[in-house]
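These notes are about the structure you will find just below.
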Ligand SMILES: Cc1ncc(COP(=O)(O)O)c(C=O)c1O
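Numbering (the working numbering), first residue to last: 31 to 483.
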């Protein structure tokens, strides 16, 4: 559920008509709802409350510092994967203790930065290789601090909505195998004589199975494997006080796609409750579940191009794969609909074939709504992959119309690029009846800013 709704045929973000935002800020623009962000963060907090987890928002999914600041105000920590994301989390007011630093390729300068935060280094490094652990130990020793480390384990469970977002398969570059993690823990045992190694403390285990996961089953397979390893590490003398389950909870791209967080929580809590009661700290790192449905992408139709010969109609928009990469990269589905429609075409559900108040069971079983025509919605980029929606039944669309791509809040703006030298889009945050530009649209001057003599 989100707070983007049609009132008398006009799409609103909370209390603001999207046409007002387009008039003030232009297009393409990402528009976020504060109420949806709050709702999704709160749903997770409530569902997992018995485990009292540290919920670290995956900054990569939606890194605007105004969004991060709001989530920090709700009590969330941050999951970062670069010095850039770390800088954003700190700028948003996140305590270093509530930051986990993940990522398979942390450069030495990034490690130094994460160990130099004040008043203390970041709360946790999620470590993915023996050489990375060596680098962290060397940095910590040089800086005279101790790094808290969780070993990222690959529990070999295939999960996730697309092969590109599965991260725990045998061929994945992510994490350590259970054997590698065991060997590393042995090498860094607390009794280790090496001075440098003494500057890291292996305090936890981490996993991240993949993204767009819509059933708790993969977590049920993977968690016991981590718990068994945690017990082995404890036997070696490590104090394993943290289990980081990663992110991955799916979002609602089609109405009804995403299970409620309680579905995950009810399955996971029984596996961990006794250990939490005995002092184990649980971390989760959701991104998509919180941010995806909290954002839409607003785009304007530049041209409608009909080919009599093939019968195809192309709706050419000012947003493309440079603005929202997911359809081109993952073949991802984003519900797309005009920001203003006649009352009978207000969609009740989102999906390839939406339903309407007037949709009867009979018409649903046959063709799409008679007022819809099948079109391709494309962007301005010089790539054939630049398609936002292929063969999609849509209401009549004219040049200059505003369209909305739903569930675009996660991995939307964060993956946007300047390909074909288009400046990056604007971002707007709505709160009830007010809206604020939280990232101004880039200008042509911005494009050249780093290339001037
Ligand atoms: C280590 C890690 N944690 C958390 C996430 C967030 O995943 P999601 O947005 O599916 O919740 C990711 C996504 O790539 C990740 O790599």
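Cβ atoms here follow ideal geometry from the backbone N, Cα and C, with glycine treated the same way.
heavy atom of ligand 1 below 7 angstroms from residue i C-beta
i: residue 202; result: no
i: residue 374; result: no
i: residue 315; result: yes
i: residue 330; result: no
i: residue 121; result: no
i: residue 444; result: no
i: residue 109; result: yes
i: residue 276; result: yes
i: residue 136; result: no
i: residue 96; result: no
i: residue 318; result: yes
i: residue 440; result: yes
i: residue 294; result: no
i: residue 132; result: yes
i: residue 91; result: yes
i: residue 465; result: no
i: residue 159; result: no
i: residue 241; result: yes
i: residue 78; result: no
i: residue 238; result: yes
i: residue 180; result: no
i: residue 88; result: yes
Check whether residue i and residue j have beta carbons under 8 angstroms apart
i: residue 409; j: residue 327; result: no
i: residue 279; j: residue 316; result: yes
i: residue 152; j: residue 115; result: no
i: residue 293; j: residue 239; result: no
i: residue 156; j: residue 236; result: yes
i: residue 284; j: residue 380; result: yes
i: residue 184; j: residue 202; result: yes
i: residue 216; j: residue 178; result: no
i: residue 375; j: residue 407; result: no
i: residue 419; j: residue 274; result: no
i: residue 71; j: residue 104; result: yes
i: residue 74; j: residue 291; result: yes
Exposure of residue i, with buried meaning 16 or more beta-carbon neighbours within 10 Å
i: residue 124; result: buried
i: residue 149; result: exposed
i: residue 395; result: Residue confidence is low: residue 395 scores 48 on pLDDT, short of 50, so the model does not pin down where it sits. Its coordinate-derived value is still stated next. Exposed: under 16 other Cβ atoms inside 10 Å.
i: residue 422; result: buried
i: residue 463; result: exposed
i: residue 392; result: Residue placement at residue 392 cannot be trusted, given a pLDDT of 41 that sits under 50; the coordinates are not used to answer.
i: residue 33; result: buried
i: residue 147; result: buried
i: residue 439; result: buried
i: residue 451; result: exposed
i: residue 139; result: exposed
i: residue 133; result: buried
i: residue 347; result: buried
Extent of the continuous beta strand (DSSP E) to which residue i belongs
i: residue 433; result: 432-435
i: residue 330; result: 325-336
i: residue 344; result: 343-347
i: residue 63; result: 59-63
i: residue 423; result: 417-424
i: residue 305; result: From DSSP, residue 305 is part of no beta strand (DSSP E) but of the alpha helix (DSSP H) over 291-307.
i: residue 232; result: 230-236
i: residue 37; result: 34-37
i: residue 274; result: 272-274
i: residue 406; result: 403-408
i: residue 87; result: 84-88
i: residue 459; result: 456-461
N-terminal and C-terminal residue of the alpha helix (DSSP H) that residue i is part of
i: residue 114; result: 113-121
i: residue 247; result: 247-265
i: residue 359; result: 356-360
i: residue 140; result: 138-145
i: residue 312; result: From DSSP, residue 312 is part of no alpha helix (DSSP H) but of the beta strand (DSSP E) over 311-314.
i: residue 448; result: Careful: residue 448 lies outside any alpha helix (DSSP H) and carries neither H nor E.
i: residue 50; result: 48-55
i: residue 131; result: Looking at the DSSP string, residue 131 is not in any alpha helix (DSSP H); the run it does join, the beta strand (DSSP E), is 129-131.
i: residue 99; result: 95-103
Distance cut-off 7 angstroms: residue i Cβ against heavy atoms of ligand 2
i: residue 279; result: Ligand 2 is absent from the structure shown, which contains only ligand 1.
Residue i at chain C interface by Cβ criterion, 8 angstroms
i: residue 31; result: Going by chain labels, chain C is absent from the structure shown, which holds only one protein chain.
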